[in-house]
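Residue numbers (this note's numbering): 2 to 218.
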């Protein structure tokens, strides 16, 4: 999916956040998936450094069906892309910008969201076929820096800060005003071993914070 088509798809997402489920186990996956869907999260990411990540991806896909998009994070090689897609993954997310990962993702029909931190990486990712851009780590990339980069990036490109994103409307709004069109939510949403009650509480907090943001890009 190219960046224009992905931008159109993303615009339809009611809660523009990707749930990063690092440490999720297959045994937990179905219940956590249900909880997140109830809180309006429809993009679910299982980082590959989680236990039996491919099994969790398969189970989540079976559980959520067409109600959500499921994929993998921390995807570092083209070979891992194949494993993600074979497991049912629909989106490939990376902490870095590896053109071979981007190209293989596109070849396999998966959405590609590589990690970038500089204008050079951002344009190289788009040239390789990235569907959108993950700005990571966001703690290192301030809203002011993102705003400066968005001036030169194609206006339709979906830019998502990831890292240190919390359930606070003020923070979300500052990023949106800078040009962010979505977010990846990690430790503030899910941590390994968290029970479904805690995840539900966290997920609803993010959803509520987003409802208070009045500058959706």
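Glycine is no exception: its CB is placed at the ideal position from the N, C-alpha and C atoms.
Residue 9 is classed as exposed because its beta carbon has fewer than 16 other beta carbons within 10 Å across all chains shown. Residues 4 and 127 of the same chain have their beta carbon placed closer than 8 Å to that of residue 155, with the five preceding and five following residues left out of the count. The Cβ atoms of residue 77 and residue 49 lie closer than 9 Å to each other. Within its own chain, the residues whose Cβ lies closer than 6 Å to the Cβ of residue 86, once the five positions on either side in sequence are excluded, are 109 and 111, listed in chain order.
Under the three-state reduction of DSSP output, residue 152 falls in the helix class. A direct Cα-to-Cα measurement between residue 201 and residue 195 gives close to 10 Å. When only Cα atoms are considered, residue 124 and residue 157 end up about 13 Å apart. Ranking 146, 136, 84 and 149 by CA distance to the CA of residue 165 puts 136 first. Classified as buried, residue 96 has 16 or more neighbouring CB atoms from the shown chains inside 10 Å of its CB. Distances from the alpha-carbon of residue 159 to those of 177, 203 and 145 put 177 closest.
Its chain contains 61, 64 and 65 as the residues whose beta carbon lies nearer than 6 Å to that of residue 34, once the 5 sequence neighbours on both sides are disregarded; these appear in chain order. Distance between residue 59 and residue 88, taken at the CA atoms: about 5 Å.
Bounds of the alpha helix (DSSP H) holding residue 34 are 30 to 39. Rounded to whole angstroms, the gap between the alpha carbons of residue 209 and residue 2 is 30 Å. Proximity to residue 179 across 148, 161, 40 and 212 peaks at 148, based on C-alpha coordinates. The shortest C-alpha to C-alpha distance from residue 72 to any of 51, 80 and 44 is the one to 44. Under the three-state reduction of DSSP output, residue 95 falls in the coil class, being neither helix nor strand.
DSSP, read as helix, strand or coil, puts residue 136 in strand.
The beta carbon of residue 27 lies closer than 7 Å to those of 53, 56, 57 and 60 in the same chain, with the five residues before and after it left out.
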